[in-house]
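Engineer: Just dropping this structure here.
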Amino acid sequence: MIHESYPWKDNLLNDAKKIDEECKKKEDTEERYILLEKTVFLSAFVMRKLLDSRKLSSAFDDEMISCIKYPSKPDDPAFKRPREDILSDRLYDFENPIKDSLSLRKLLGIIVHSLVFTITTNADESVEGFIINSDINRLKGLWFIDFKVFINLMKKIGDDYPAQMLEVFNISKNSWYRWRGSVEVPADVREKIRQLYSDLEKA
Numbered sequence: 695m696i697h698e699s700y701p702w703k704d705n706l707l708n709d710a711k712k713i714d715e716e717c718k719k720k721e722d723t724e725e726r727y728i729l730l731e732k733t734v735f736l737s738a739f740v741m742r743k744l745l746d747s748r749k750l751s752s753a754f755d756d757e758m759i760s761c762i763k764y765p766s767k768p769d770d771p772a773f774k775r776p777r778e779d780i781l782s783d784r785l786y787d788f789e790n791p792i793k794d795s796l797s798l799r800k801l802l803g804i805i806v807h808s809l810v811f812t813i814t815t816n817a818d819e820s821v822e823g824f825i826i827n828s829d830i831n832r833l834k835g836l837w838f839i840d841f842k843v844f845i846n847l848m849k850k851i852g853d854d855y856p857a858q859m860l861e862v863f864n865i866s867k868n869s870w871y872r873w874r875g876s877v878e879v880p881a882d883v884r885e886k887i888r889q890l891y892s893d894l895e896k897a
C-alpha cells in the first residue's frame with residue numbers, strides 16, 4: 695500500500711520525460727534498450743501499485759489503452775512447450791494485425807509479468823513502441839504499444855491527484871462502493887450513493 699503518492703507520481707513524470715527523450719534519439723544502442731526496458735517495467739509496477747492503493751481517480755478503473763494485436767498461431771507445436779518467448783511468424787500472425795484495446799489494469803499486469811518484451815524502431819532508428827505478452831496470455835497473441843500512448847498514460851497518472859473520495863457499503867454485494875476524483879461528482883454516482891445509503895437505512 696502506498697501512503698504518500700507524490701514521490702511516486704513525480705518520479706513517473708520524470709521517467710515519462712526520460713523515455714520521450716530516449717525515443718527521439720536516432721541511434722539503436724544496447725544502453726538505450728536497457729534504459730527503456732528498465733523504465734517501462736518499473737513504471738508499470740508503480741502505476742499498478744497506485745491503482746491498487748486507490749491513489750488515482752476512479753476513471754482509471756475503466757481506462758482502456760489502444761494497441762495493436764498480433765494473433766497467435768496456437769496450432770504450432772512450439773506452443774505446446776511450457777514457455778515460448780521467440781518472436782517468430784511461425785508463432786504469431788504479423789501479417790494480419792488487429793486494432794485492439796486493453797484495460798489499464800490488464801496492460802500493467804502483462805508488463806509486470808511479461809514473457810516477451812522487445813523494442814520496435816522506425817526507419818530512422820528512433821523508437822516507435824514495444825511488443826509484449828505474458829506467460830498467462832501468450833497463447834492469445836502479442837500486443838504492440840506505441841510509446842506515445844504509454845508516455846501519455848504515465849503523464850496522466852503522474853498528474854492525477856483526486857481531491858475527494860466517497861464511499862458507502864453495498865449490502866447486496868457485501869463490498870464497498872467507492873468514487874474518487876477532482877471533478878464534480880457525476881450525477882449517476884450521486885444517485886448510486888443515495889440509493890446505497892437508502893438500502894443501509896432499511897437494513
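Counting with my numbering, you get residues 695 to 897 for the letters of the sequence shown. Backbone N, C-alpha and C fix where the C-beta goes; we use that ideal spot for every residue, glycine too.
(1) Thinking just about the alpha-carbon of each residue, which of ILE805, ILE865 and LYS749 is nearest to the one in TYR700?
(2) What does a CB cutoff of less than 6 Å around ASP779 pick up in its chain, not counting 5 residues either side in sequence?
(3) With which residues is CYS761 paired in a DSSP beta bridge?
(4) Quick check: the Cα distance between LEU706 and LYS834, rounded to an integer number of angstroms?
(5) Using C-beta distances below 8 Å, list every residue in its chain close to ASP704, excluding the 5 sequence neighbours before and after it, in chain order.
(6) Determine the burial state of TYR764: buried for a count of at least 16 other Cβ atoms within 10 Å of its Cβ, exposed for fewer.
(7) In chain order, what residues of the same chain have a beta carbon less than 6 Å from the beta carbon of SER828, not counting five sequence neighbours either side?
(8) Figure out for me which residue from ASP893, ASP882 and TYR855 has the closest Cα to the Cα of SER866.
(9) Return the residue from the list SER737, ILE792 and CYS761 that minimises the CA-CA distance to SER823.
Structural biologist: Let me lay it out:
(1) LYS749
(2) Caution is warranted here: a pLDDT of 49 is assigned to ASP779, below 50, making its placement in the model unreliable, and the coordinate value is therefore given only provisionally. LEU809 and VAL810, listed in sequence order.
(3) ASP794
(4) 30 Å
(5) GLY852
(6) buried
(7) ILE804, HIS807, SER808 and LEU809
(8) ASP893
(9) Before going on, a small fix: residue 823 reads as Gly here, not Ser. Ranking SER737, ILE792 and CYS761 by Cα distance to GLY823 puts CYS761 first.
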